[in-house]
Each structure stands twice: as C-alpha cells, then as structure tokens.
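Written out below as structure tokens is the structure these notes cover.
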Amino acid sequence: MNAIEIENLTVWFGAGPDRAEAVRGAALSIPRGASFGLVGESGSGKSTILRAIAGLIPTWSGRIAVEGESLQGARRDRAFHRAVQMVFQDPYASLHPRHTVDRMLSEVLWLHGFRDIDARIERLLSDVGLGRGFRFRYPHQLSGGQRQRVAIARALAPEPRILLLDEPTSALDVSVQAEILNLLSDLRAERGLTYLMVSHDLGVVGHLCQTTAVMRTGEIVEILDVETMRRLQPRHPYTRQLLEASIGLNLGARGAPAPAV
Amino acid sequence: MSEPHLLDVENLWVRFPTRTGVFEAVRGISFSLGRERLGIVGESGSGKSMTGRAVLRLIRRPGTISADRMLMKGEDILRVSERRMRALRGGRAAMIMQDPKFSLNPVMTVGEQIAEALRAHAPIGRKAARMRALEMLDEVAIRDPERVYDLYPHEISGGMGQRAMIAMMLAPGPEILIADEPTSALDVSVRLQVLQIMDKLVSGRGMGLIFISHDLNLVARFCDRILIMYAGRIVEVCEGGKLHEARHPYTIGLLNSAPDLLRPRPRLAVLERDPAWREAPSVSALL
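Given below as structure tokens:
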C-alpha cells in the first residue's frame, strides 16, 4: 500500500470569475518509506499540494489517499494527524513565541493521548540532537537551526509515519542546513518514515529524495528519479531548463573539485 | 600618481549597544575596492551586510561606525556632511537590496522611480529623464520598456523587479555598486539571467562591484576576489577562480556543507566551529 496517493488533484482559490487554479490535475504516488521531492519555482503549486494533503485548504477536487484512506475536504481526524505531520519553512514563524519548548511539545503529546510526557520530551529532544538544557527555552533563545530541530521534534511527537516537509531548510544557513538534512536522513533511516518534501533547491532534493515531481504553473510536468536527474536525462524540456539553471549557478566551483577536508 | 581606489577601508568597526553590552557586528576589517568585482561571503550574522551598509553610512542609530580610514575615491566618508553623503549615495555608490518587493516604492510606477533616481542626481528635465529611464529598462533586457515603465511593482515579477532595481541604481552612473543578496529572493531560472545582466553592466562601465552573498559558489563564479567573513572579521581572502585553493577550515567547511546534485554524498559535512576563528585577527584585504 502506498503512503500517499494523489489522482487528478485540482486545488483552487476564490470562486466564480476570481477562481484561480493553483494545482491542476496532479497525480503522484509515494510508496511507504520512500522520500519524494516536489520541485518547481515560486507559484508552481508545490506547497499547495502539501497544504491540501494536510487539510489546510478546503477547496480541492480529485483524490487524496493517505495509507489507503481517502480524504475529504479539510477535515482530518486524530488518526490522520497521528500518522501525518508537517514541518514548515520558517522556524521563526512556526513556533509560538510565548511558549517554551517544553510547553509546545507537551501540548502535542497530551493531545495525542500520551501520558508519559516527561520521558517523551526528554527522548524527543535527544532524538533531534538538542540537550535537556533546551527544554525550558523560548524560541527567541534559540538559533534558526535549533528552532527547526524543535519544529521537527514537535512533528515527531505523535510518532507519525509520514512527514510533509515544506522547504524545511531554505531559511537556514548552508552549514545549518547540512545539520538538519543529516538529521532528517537519520530519522528516516531509524524510523522508516515517508517524506514528501517541497523544495526549490535541486541539490537538497537530490540529497534527501529518490524520486521527484517537477511542477510548473500548477501542473506536474514530469516525475523522475533522482538518478535520471543526476545523469541530466530528463524527458521534459522544462526539467532540463531547471537543471541547467541550477547547475549553471554552481559552475564557478565546478571548474575545480571542492577541496577535501 | 595613480587614481585612488574606489574604496579604502581600514579597521572598520560597526557596533550596536544593547542591554547586555555592546554588540560588535563588524570587528576591525580592512579592505579596498578597485575596478573589480569583490565578493563578501559569510553566514547570517557574519557582518557582511553591515559592512556593505557601513560603506554608505547606512547604519541606523544607535549603531555606530568607526574606522581608522574610510575613503571613497580619496574622499573621507567618515567626515563628510550628511548632505554630501546623500549626493554620494546613489550618485557615486549605489546599493541593490535583496527583495525588490520591499525595496521598490509600491505606489509609484517602475519607470517613474527610475526617472526620479536620475533627476535626484543630475539636472535633467522630465522628458529627458523618461527617455533615459526607458533606455535603462532596455539595457536590463526588459523587452517592452514602454509598457513596463507604466507598471507598478506589484504588477511585475520578482526577476523583472530586480532588473528594474538594477536599472534604477545604475541610471545615475555610479562607480560603485553594492549588491546585497541581489538574487536570493528569485527563482533559480531567473537568478542567472539577472546576475549576467548586472555583471555585464558593471564590467561594461568599469565599475567596482561589492557582491554580498551567503552562497560561496555563486560568488566564486561572478567575482574576481572574495572575502570570507566570520563573526565580524575576514578569515580569508581568495581569488574568484581559486576557491578550491581555500585554506581556512571555515571556507572549506562552507564549500563542503552544501548538497550538490551532481556529486552526491551519503552525509553532508558538518561544520565544526573552532572558537579560535573568532579571535584570530582579521585578514587584510587592502590592495
């Protein structure tokens, strides 16, 4: 059974003459335990797909199924939230500024019916590489990377099987991005998680995902595996264009190999 | 005597008083800018943007700038009046910010803004300013300048906005352009185009460019000389094409921590920060 299956998904905003379709006829399926990327430029609809799955957008048609269960509208039951969690782009905006790390995590744990909260918070913090010292801090007392670790800990709290990652590292410095990407790889390996990650950075997608869908103006133009992308053999001209743009930017360093440590 | 450098900055400090003491954003750096493309690279908080702003005396109070010397073509910009500084800003040295959405005036058409920039620095009439603005839009590869002239910033894309910004900044004919993350808010596919346009105009006019970015590879591609900043100091100066000869562990760490589609690695290198990097004296980048 696939972790996520999407068929003929159309997502729109507004009604009547103001109706704008952000996603049109998208289809993809993600096997359990896989890591799937969604790439495209701003406005291509990649985040919209994620938000429709998460139940943040009511106006969609088509079929979205998570672990075989078809979803309706924007209503999601507790079992869904237990299975599927989301990590947002900007850890400066996604954490409550007046809640401590402890409070953020215990709230989620309590909502999902866990009662051994104390022990679980300790474990979650250590799982994401934060020590106990961080437990009673407020977001403003954390760096960007530490905040994103807290956001990941919060997403992991209900012991989900699927993580929706919306540009999880694009607000971070490159050295911090490396730490978070390594953490996400480790967590997936340890827990057999399924990832659906949105990113505009082909390097990040290539690092974390095996398969990726390329979107343009609301449509998926191609689904290809990362190996094909790496060999620069996409079928669709738009994918090629995207690849060339992204590789072209790095040519300066590519002329010579990066130094080894 | 040869022409003075566009910029000579010695022992520049930028400080901000806070409740818990003075925060030093830039800690005693020295550099020159000739008619070259100079990259300043570092992570957030390294002081790279503050360096760019300090050169135009754009540090807001209570922040302070101090330096042993800060010369713009031989003119001591630490001591000139605010009035003179206003003429230098935009006139001799212009700045392009990261996001055109926030740096263009939302209630004025793109063309009018460019014309206004021209009129602020040269005694020309409205008609001539309009003509010149249209030429500038054409120079930044905007296909239909007449149409774009009358559009408002929200009606154009990010890439077009940034090109309009470049047109506006270059219109008064400055000799120095400071570009602070000029393409970070843009999609990859337009990034390259915007950079090429900027590069062509800057080189074609023999200007000096300070290119501030967090992206080492990008800077390496577009710059002749690169300063790598860490904790308010310059830790290394590299030639653009010779980034692979970088010695400082911080520079090497930055290069290795970026995921690369064509050269996959099972794990990304994690940068181990050595406290000694903070304390090591700043490397001079004077010419």
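Going line by line, the protein sequences match chains Z and L. Residue numbering for the first sequence follows the working numbering, starting at 1 and increasing by one per position. Residue numbering for the second sequence follows the working numbering, starting at 1 and increasing by one per position. For each residue, glycine too, the CB sits at the ideal point set by N, CA and C.
Around the C-beta of Z:T211, 16 or more other C-beta atoms lie within 10 Å, and the residue is accordingly described as buried. The Cβ-Cβ distance between Z:L242 and Z:L202 falls below 9 Å. The beta carbons of L:G161 and L:D187 sit no closer together than 9 Å.
Distance between L:G173 and L:G47, taken at the CA atoms: about 28 Å.
In the DSSP assignment, L:P145 falls outside any beta strand (DSSP E) and lies within the alpha helix (DSSP H) extending over P145 to Y149.
L:Y250 sits in a helix when the DSSP states are folded into three classes. Taking a C-beta cut-off of 7 Å against chain Z, the contacting residues of the segment 34–52 of chain L are E43 and S44, listed in chain order.
The straight-line gap separating the alpha-carbon atoms of L:G28 and L:V14 is approximately 8 Å. Within the model, the alpha-carbon separation for L:A171 versus L:E10 is close to 30 Å. Within the DSSP secondary-structure output, Z:M86 pairs in a beta bridge with Z:L164.
Residue contact with chain L for Z:A245: present (Cβ-Cβ distance below 9 Å to some residue of chain L). At a cut-off of 9 Å between C-beta atoms, L:H214 counts as an interface residue with respect to chain Z. For Z:M229, the enclosing alpha helix (DSSP H) stretches over residues V226 to R230. When secondary structure is reduced to three states using DSSP, L:N105 falls in the coil class, being assigned neither helix nor strand. Contact with chain L is absent for Z:H236, since none of that chain's Cβ atoms lies less than 9 Å from the residue's Cβ. When secondary structure is reduced to three states using DSSP, L:D215 falls in the coil class, being assigned neither helix nor strand. In terms of Cβ geometry, Z:G68 and Z:E7 do not form a close pair [threshold 9 Å]. Non-local C-beta neighbours of L:I176 in its own chain, meaning closer than 6 Å and more than five positions away in sequence, comprise L6, A93 and G208, ordered along the chain.
The alpha carbon of Z:V198 has as its nearest neighbour, out of Z:T217, Z:R135, Z:D186 and Z:T169, the alpha carbon of Z:T169. Contact with chain Z is absent for L:A87, since none of that chain's Cβ atoms lies less than 9 Å from the residue's Cβ. Around the Cβ of L:P182, a 10 Å sphere holds 16 or more other Cβ atoms; the residue is buried.
Cβ proximity to chain L below 7 Å picks out D173 from the segment 157–173 of chain Z. Taking L:R35 as the centre and dropping the five residues before and after it, the same chain places the C-beta of G206 and G208 closer than 6 Å to its C-beta, in chain order.
The Cβ neighbour count for Z:M1, taken over all protein chains shown within 10 Å, is under 16; the residue is labelled exposed. CA-CA distance, L:A122 to L:M169, rounds to 13 Å.
If you check the CB distance, L:I96 and L:I166 come in under 9 Å. By the criterion of a C-beta distance shorter than 7 Å, Z:T100 is surrounded in its chain by F136, R137 and Y138, once the five residues flanking it on both sides are discounted. Taking the Cα of Z:M104 as reference, the smallest distance to any Cα among Z:R76, Z:H81 and Z:A155 is reached at Z:A155. L:D8 is bridged by DSSP to L:S32 and L:L71. In the structure shown, L:P17 falls within a strand segment according to DSSP collapsed to helix, strand and coil. Straight-line spacing of the CA atoms in Z:Q148 and Z:Q177 works out to 10 Å.
L:A93 is outside the set of residues whose beta carbon lies under 9 Å from a beta carbon in chain Z.
Residue range T211 to R216 is occupied by the beta strand (DSSP E) that includes Z:M215. Boundaries of the beta strand (DSSP E) around L:V235: R233 to E239.
Under the three-state reduction of DSSP output, Z:T48 falls in the helix class. By the 16-neighbour rule on beta-carbons within 10 angstroms, L:V107 is exposed.
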